[in-house]
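Residue numbers (the numbering used here): 334 to 670. C-beta atoms are modelled at their ideal positions from N, C-alpha and C, and glycine is treated no differently. Only a predicted model underlies this, so the values are computations on that prediction, with no experimental measurement involved. Below is one structure, written out as C-alpha cells; the observations come after it.
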C-alpha cells in the first residue's frame with residue numbers, strides 16, 4: 334500500500350475516491366483511526382473544489398422559525414386535502430431513513446417511491462401559476478381553492494409514480510423519502526393534514542460521522558466537520574420549531590437505535606401510525622426486491638444489525654469543529670420525544 338501511495342500520480346478526483354475507498358476498507362478491518370485519517374484527507378481534497386455556501390440554507394431555516402406560526406398553519410389545514418395517501422420521511426442523511434422506508438414499503442399497501450422531486454415539482458408549478466406565491470410563506474396569499482389545486486397536483490404526480498405497481502391491491506400509501514422536505518413540513522401539514530410525516534433520528538455524532546464517511550454527490554455540507562455540525566444544528570432547530578407549533582402526533586419520530594434494538598415493536602408502532610393493519614412482511618424487509626438507490630442499499634439487503642450504533646469516534650480534539658457546530662445538540666436530546 335505504501336508503494337501504491339507513493340508511486341502513483343493521481344488527479345484530485347481520483348485521490349478523493351481512493352481515500353474514501355481506503356477509509357471504508359480500513360473501517361471494515363477495524364483499523365478505525367487509520368480509516369478516519371483517510372476520510373479526513375478525502376473530505377479535505379473534495380471540499381477544496383466545491384462552491385458550497387452554508388449561509389442560504391441556515392438563513393432559510395431561521396426565517397421559517399421566525400415567520401411560520403401555529404395559528405396560520407392550523408387555519409390553512411382546516412381547508413387542506415383529506416387524503417391520507419402521502420407519507421413523508423424526513424431527517425438527515427444516514428439517520429436510518431432507508432431502513433424505515435424499506436420496512437414500510439414491505440407492507441402490501443405501501444409504495445416506496447424513494448427520494449423523488451415530486452413535491453418540489455408541485456411547488457415549482459404553483460410558483461409559475463400564482464404570482465402571489467412567496468418563498469417563505471407561499472400559501473399565505475392564496476385562496477382555499479388555489480391551495481386545494483396544489484394538493485391535487487401533488488396527488489396526481491404520486492399516482493403517476495405507481496404505473497409499475499405489481500401487487501394485487503392498489504397502494505393506499507405512497508412514500509416520498511426526500512429528506513430535505515423537513516423544511517416543508519408546515520406546507521405539507523397545511524396541504525395534507527392527514528399525511529403521515531415520519532422523522533428519522535439517530536445519535537447526532539453517529540449521524541454526522543456516517544455522513545462524513547460517505548461520498549455524497551448532492552450533499553455538499555458533508556465534506557467539512559464544522560459545516561456538517563452547523564447544518565445539523567440548523568435542521569434540528571427547525572424540527573424543534575415544527576414540534577412546537579404543530580398538533581401533537583403530527584410528526585412521528587423514529588429513533589434508529591430503538592428500531593435496531595427492537596424491530597418488531599417499533600415496526601408495529603410505525604405501521605399503526607400510518608393507519609395500516611400489521612403484516613409480517615414488514616419484518617422481512619431485507620427480502621424485498623424493490624430497488625434502493627441510496628448509500629444504505631447494502632444495509633437494507635441484510636437482517637437488522639447493531640454494529641452502527643455507538644460507532645467508533647476519534648478524540649474530541651479532532652472532532653472539535655463538529656462538536657462546536659452541533660452546540661447543545663451534541664448530547665442527542667430530541668425535544669418532543
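How about residue 475 and residue 490: do their beta carbons lie closer than 8 angstroms? Stepping through the chain shown from its first residue, residue 475 is reached at position 142. Stepping through the chain shown from its first residue, residue 490 is reached at position 157. Taking 8 angstroms as the Cβ cut-off, residue 475 and residue 490 do not qualify as a contacting pair.
Do you know how far the Cα of residue 503 is from the Cα of residue 445? Within the chain shown, residue 445 is the residue found at index 112, counting from 1. Within the chain shown, residue 503 is the residue found at index 170, counting from 1. Answer to the nearest angstrom: the Cα atoms are 13 angstroms apart.
In whole angstroms, give me the CA-to-CA distance for residue 359 and residue 365. Within the chain shown, residue 359 is the residue found at index 26, counting from 1. Within the chain shown, residue 365 is the residue found at index 32, counting from 1. A straight-line Cα-Cα distance of about 7 angstroms links residue 359 and residue 365.
Whole-Å CB distance - residue 511 paired with residue 452, under 8 angstroms assumed: In the chain shown, the residue the question calls residue 511 occupies position 178. In the chain shown, the residue the question calls residue 452 occupies position 119. Correct: roughly 7 angstroms between the Cβ atoms.
Who are the Cβ neighbours of residue 352 in its own chain at under 6 angstroms, not counting the five residues just before and after it? Working through the chain shown from its first residue, we reach residue 352 at position 19. Contacts found: 371, 374, 375.
Between the CA atoms of residue 550 and residue 384 - distance to the nearest angstrom: On the chain shown, position 51 is the one that residue 384 refers to. On the chain shown, position 217 is the one that residue 550 refers to. So the alpha carbons of these two residues sit roughly 13 angstroms apart.
Would you report the Cα separation of residue 482 and residue 389, rounded to the nearest angstrom? Working through the chain shown from its first residue, we reach residue 482 at position 149. Working through the chain shown from its first residue, we reach residue 389 at position 56. Answer to the nearest angstrom: the Cα atoms are 29 angstroms apart.
Proximity winner among 479, 600, 577, relative to residue 590 (alpha-carbon distances): On the chain shown, position 257 is the one that residue 590 refers to. For the residues 479, 600, 577, the minimum Cα distance to residue 590 belongs to 600.
Give the single residue among 380, 361, 362 whose Cα lies nearest to the Cα of residue 348. Numbered from 1 along the chain shown, position 15 holds the residue referred to as residue 348. Among 380, 361, 362, the Cα nearest to that of residue 348 belongs to 380.
Taking 8 angstroms as the cut-off, decide whether the C-beta atoms of residue 391 and residue 563 are in contact. Counting from 1 along the chain shown, the entry for residue 391 is found at position 58. Counting from 1 along the chain shown, the entry for residue 563 is found at position 230. Yes; because the gap between Cβ atoms is below 8 angstroms, this pair is in contact.
Restricting to runs no shorter than 3 residues, where is the beta strand (DSSP E) found entirely within the stretch 433-514? 443-445, 506-509
In terms of alpha-carbon separation, which member of 523, 442, 382, 395 lies closest to residue 608? Along the chain shown, read from residue 1 onward, the residue named residue 608 stands at position 275. When only C-alpha atoms are compared, the closest one is 442.
Entirely enclosed beta strand (DSSP E) segments - the stretch 336-411, minimum 3 residues: none
Is the distance from the Cβ of residue 514 to the Cβ of residue 507 below 8 angstroms? Position 181 of the chain shown, counted from the start, is the residue given in the question as residue 514. Position 174 of the chain shown, counted from the start, is the residue given in the question as residue 507. Taking 8 angstroms as the Cβ cut-off, residue 514 and residue 507 do not qualify as a contacting pair.
Extent of the continuous alpha helix (DSSP H) run through residue 421: Taking the chain shown and counting its residues from 1, one reaches residue 421 at position 88. Not the alpha helix (DSSP H): residue 421 falls in the beta strand (DSSP E), residues 419-424.
Nearest to residue 529 by CA position, among 584, 435, 429, is which residue? Stepping through the chain shown from its first residue, residue 529 is reached at position 196. Ranking 584, 435, 429 by Cα distance to residue 529 puts 584 first.
Buried or exposed for residue 492, going by 16 or more other Cβ atoms inside 10 Å? Counting from one through the chain shown, the residue named residue 492 turns up at place 159. Looking at its Cβ environment, which holds fewer than 16 other Cβ atoms inside 10 Å, residue 492 is exposed.
Beta-carbon within less than 7 angstroms of residue 634's beta-carbon, same chain only, minus the 5 sequence neighbours each way: which residues are those? On the chain shown, position 301 is the one that residue 634 refers to. Unreliable positioning characterises residue 634 in this predicted model, as indicated by a pLDDT of 45, which lies under 50. A coordinate reading is not provided.
Output yes or no for whether 8 angstroms exceeds the beta carbon distance between residue 538 and residue 646. Here residue 538 is taken as the residue at index 205 of the chain shown, counted from 1. Here residue 646 is taken as the residue at index 313 of the chain shown, counted from 1. For residue 538 and residue 646, yes; Cβs fall inside 8 angstroms.
State buried or exposed for residue 653, treating a residue as buried only when at least 16 other CB atoms are found within 10 Å of its CB. Sequence index remark: in the chain shown, residue 653 carries index 320 (1-based). Classification for residue 653: exposed.
DSSP state of residue 630, grouped into three classes? Along the chain shown, read from residue 1 onward, the residue named residue 630 stands at position 297. In this predicted model, residue 630 has a pLDDT of only 49, less than 50, meaning its place in the structure is not dependable; the value taken from the coordinates is given anyway. In this structure, residue 630 counts as coil in the three-state DSSP scheme.
Excluding sequence positions up to five away, which residues of its chain have a Cβ less than 6 angstroms from the Cβ of residue 419? Numbered from 1 along the chain shown, position 86 holds the residue referred to as residue 419. Excluding sequence neighbours, residue 419 sits near 525, 528.
In the structure shown, what three-state DSSP assignment does residue 593 receive? Position 260 of the chain shown holds residue 593. In this structure, residue 593 counts as helix in the three-state DSSP scheme.
Contact set for residue 617: own chain, Cβ-Cβ below 8 angstroms, skip 5 residues either direction: On the chain shown, residue 617 is found 284 positions in, with the first residue counted as 1. Within the same chain, residue 617 has close Cβ partners 439.
For residue 550, does the three-state DSSP call read helix, strand or coil? In the chain shown, residue 550 corresponds to position 217, counting from 1. Three-state result, residue 550: coil.
Using a Cβ-Cβ distance cut-off of 8 angstroms, determine whether residue 561 contacts chain D. Absent here is chain D; the protein component of the structure consists of one chain.
Nearest neighbour of residue 542, chosen from 399, 354, 660, 427 [CA to CA]: Here the question's residue 542 lines up with position 209 in the chain shown. Of 399, 354, 660, 427, the residue nearest in Cα terms is 427.
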